[in-house]
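Protein chains in written order, with the numbering used here: chain G, 111 to 436; chain H, 2 to 336. For every residue, glycine included, the Cβ atom is placed at its ideal position computed from N, Cα and C. Following: one structure in C-alpha cells, then a few remarks.
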C-alpha cells in the first residue's frame, strides 16, 4: 500500500482548509461568530468571508449566549453551524445555550431534533493575556451529558477532528490551543476525518503512561525524551477527545505500566475523570496515579508568574518521577 | 368571519379544558413535576397562531400547553407527556416544560426563562438563509423580557432582518414578582425602539385583536420587513405553577377585574350577540369536554415511560449523511 501523501501545514491552516472545504461541499455549513472581517481574532477563518459572503459567514455582535443559541436554533432547523467563541473564557457567557439547550435538545425532545453544531474556541495560557483570557475550562464541559468535547494537539488532528465534528449530528465543543495555531506538522492530503472518541498513542513506553492533550502533548513528549536516557520509559497518549473518553486505549496502557501521569493546562478536572475511570477498571491490581495540572489560582499575566501556575516541562518530569516512587 | 370566531372559541376552550384536566391530574398526584397553566391567557396563543401558517415555527415557554394545542398538538399526547407516559410527545423524557412536536414545527416548550429567544432567532436565520418563506413565532413572558437573551436576540434579528415575531405575553407577574417592580418600562413593547423594530402593545384578552396585530407582524416578517415585538397584555387566572394559587401576591380586586375580561366568556357573549345560536356553542362545549375526558383516559391507559432512560443522549450519524460526506471528502482532496 502506498502511504498517503502528506504536506507540511500549520494547525491554523489545517483548520482553515477544513472549514473551507466543508463550506464548499455543503451549503448547510455556515460560520457564526465575531470579527470575521479579519478572519476572527486569531485569523482561523482567513478569507472565508470574502469567499462565501456574509450570508454564510455570519458576523455577530458581542452576544455569546445568544449567538450560540442562534446556532442551536439553526442546527435544529437543518443547518450545520460552526460557531466561534473568541476566547474559551467567554464560553461562560454561553453556558445556558450550550448546557441547557444544545446538549439536551436531542434527548429531552426524544430524538425529534438534533443539534449538529460545532463550537470552536481557543483555550490556554502562555501569552500573558491574564486571568480572563487564558483559561482551559474543558473539565466543566466533560461533565455535561449530550456534549462532545475535542481538543487536538497537531495540525493533522486539528483538521481531521474538525471535519468529524462538523459531520457529527451532536453538539461538539472544539477546543483549539492558541499557542498551537502557528505550529506546523505533516497533514495527510485531503485532511481525512479523524474519528471522535479515539485517543492516539504517540510514543510507546513501559514504565509510565502519560495521558494528555492539547498544548501539553509537546511537553509530555519532551519529558519522555528527557527521561529516556535516565532509564524511564514513558508511553505518551494524546487523548484528542475528552468526551467521550477513550478508556480502552488508556486502560490498555495503564494495565501494563500501572503508573499514570495525567497532564493538562486546566485545574485538574480532566485528570480527575481519567484517574477515576482507570481506578474503577484497575481492580485489585492498583497502581500509582499523578495529576499534573494548573495550580488552584487564577492565571496571572506576567510570564514568570504564569509559569508558576500553568504546568511546565519540569512539572511533568517531576510527576513522572513521583509516579515511580513506592 | 363568524365561523372563524367560532373556531377560535373552540380552540380557546380546548386549551382551557385541557389545562383544567392537567390541574386536576396534578391535584391527584398523577403528573410529573409541576405544570404552569395558561388559563386566562388563551387568546394570545390562539390569536397569534391563527394568523400564521402551518409551516411556520413556534418556540414556546414554560407556560406552553396553550401554544401546543393552538398549533395542533394532540391533547392526549400532551397529557401523556405531563403524566410521564411513553405515549407522550417526548416519551416521558421532557415533561411539561420540554415538549417539542416536530411534525407541526413546534420547536419546543422551554424551561429556561428567555432560553427560547435565541433558539427561535436561529430558526429564523435558517428560514431566511434557505428562503423558505417560514416565519418564527417566538413566545416569551414579561419575565424573559429582562433576560440578556432578549436584548441580544432582538438586536441580531433586527440587524439581520429575520422573519420572526417576538410575542411577549405580559401577564404582569414574573412568577410572584409584579413586573412593574422589576422592569424599567410599563410596556415592554417600547423597548422595540431600541432595536429599530416596530413595537406594538395590544389587548391580549381579545382573540380578534390578537389575531389582527399578529397578522400585521407576520406579514411584515414574511415579506422581508424583519422582526416585530408584539406585547400582549394578559393575565393568568391561576398561580404561577401548581405550587401557588396566585392570590398571595396579587390583590383580590385586580384578580376580579381581570376575570371580567375572560377571553372565552367574553367571546361567547359576543357570539351570542352576533346571533350564533346558543345550542351550537353548547354542542362545542360538550364536544370539547368529551375530547378532554377521552384524552385523559387515553393518556392514563398508556404505560409509564421507563425503558428508554439511557437511550438517545447522543444522535447517531445518519448513513445517508455519511455517504454524502464520502463524496465531500473526495472533493475536499482537491486543494
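Checklist entry - Just to confirm, are residue 347(G) and residue 309(G) a CB contact at a threshold of 8 Å? => result yes
Checklist entry - Identify the residues that DSSP records as bridge partners of residue 230(H): which are they? => result 167(H), 200(H)
Checklist entry - Which residues does DSSP pair with residue 232(G) in a beta bridge? => result 286(G)
Next on the checklist: Give the list of continuous beta strand (DSSP E) stretches no shorter than 3 residues that lie fully inside the stretch 200-288 of chain H.
Outcome noted: 200-204, 229-234
Next on the checklist: According to DSSP, simplified to helix, strand and coil, what is residue 348(G)?
Outcome noted: strand
Checklist entry - How close, in whole Å, do the beta carbons of residue 259(G) and residue 352(G) come, if the pair is a contact with beta carbons under 8 Å? => result 4 Å
Checklist entry - Helix, strand or coil: how does DSSP classify residue 191(G) here? => result strand
Checklist entry - Is it right to say residue 181(H) is buried, meaning 16 or more other beta carbons lie within 10 angstroms of its own, or is it exposed? => result exposed
Checklist entry - Between which two residues does the beta strand (DSSP E) carrying residue 370(G) extend? => result 369-373
Checklist entry - Can you tell which of 375(G), 263(G), 378(G), 386(G) has its C-alpha closest to the C-alpha of residue 360(G)? => result 386(G)
Item to check | Extent of the continuous alpha helix (DSSP H) run through residue 22(H) | outcome: 3-28
Next on the checklist: Between which two residues does the alpha helix (DSSP H) holding residue 140(H) run?
Outcome noted: Not the alpha helix (DSSP H): residue 140(H) falls in the beta strand (DSSP E), residues 137-142.
Next on the checklist: Residues in the same chain with beta-carbon distance under 6 Å from residue 47(H), minus the five sequence neighbours each way, listed in chain order, please.
Outcome noted: 9, 12, 13, 71, 208
Checklist entry - Would you say residue 271(H) touches the ligand FMN, meaning its beta carbon is less than 7 Å from a heavy atom? => result With respect to small molecules bound, the structure shown includes none, and the ligand FMN cannot be examined in it.
Checklist entry - Any idea if residue 380(H) is buried or exposed, counting beta-carbon neighbours within 10 angstroms, 16 or more meaning buried? => result Here chain H covers residues 2 to 336 and nothing more, so residue 380(H) does not appear.
Checklist entry - Looking at the C-beta of residue 94(H), does it have a partner C-beta in chain G at a distance below 8 Å? => result yes
Checklist entry - Whose C-alpha, out of 190(G), 235(G), 334(G), 358(G), is nearest the C-alpha of residue 412(G)? => result 235(G)
Checklist entry - Given that residue 83(G) touches chain H, what residues does it touch there, using C-beta distances under 8 Å? => result Absent from the model: residue 83(G). The displayed extent of chain G is 111 to 436, so no value can be given.
Checklist entry - Can you tell me the Cα-Cα spacing of residue 149(H) and residue 170(G), whole angstroms? => result 15 Å
Checklist entry - Who are the Cβ neighbours of residue 279(G) in its own chain at under 6 Å, not counting the five residues just before and after it? => result 224, 226
Checklist entry - residue 107(H) bridges to which residues according to DSSP? => result 59(H), 102(H)
Next on the checklist: Assess contact between the stretch 140-155 of chain H and the stretch 57-64 of chain H, defined as three or more Cβ pairs (one per stretch) separated by less than 8 Å. Is contact present?
Outcome noted: yes
Checklist entry - On the three-state DSSP scale, how would you describe residue 155(H)? => result helix
Next on the checklist: Counting only C-beta atoms, is residue 154(H) closer than 8 Å to chain G at any point?
Outcome noted: yes
Checklist entry - What whole-angstrom Cβ distance do residue 41(H) and residue 187(H) have, given they're in contact under 8 Å? => result Not really, about 20 Å apart at Cβ, beyond 8 Å.
Next on the checklist: I need the boundaries of the beta strand (DSSP E) containing residue 298(G), first residue and last residue.
Outcome noted: 294-298
Item to check | Where residue 69(H) falls: helix, strand or coil (DSSP) | outcome: helix
Item to check | Residue of 86(H), 223(H), 166(H), 158(H) minimising C-alpha distance to residue 309(H) | outcome: 86(H)
Next on the checklist: If the criterion is Cβ atoms closer than 8 Å, does the pair residue 21(H) and residue 39(H) meet it?
Outcome noted: no
Item to check | is_contact[residue 218(G), chain H] using C-beta, thresh 8 Å | outcome: yes
Item to check | Test: residue 103(H) CB closer than 8 Å to a CB of chain G | outcome: yes
Next on the checklist: If you reduce the DSSP assignment to three classes, tell me which class residue 312(G) lands in.
Outcome noted: strand
Item to check | CB contact flag (residue 218(G), residue 94(H), <8 Å) | outcome: yes
Checklist entry - residue 179(H) bridges to which residues according to DSSP? => result 174(H)
Checklist entry - By Cβ distance, which residues of its chain are closer than 6 Å to residue 368(G), with the 5 residues on each side in sequence left out? => result 397
Item to check | Alpha carbon of residue 403(G) to alpha carbon of residue 177(G), nearest angstrom | outcome: 32 Å
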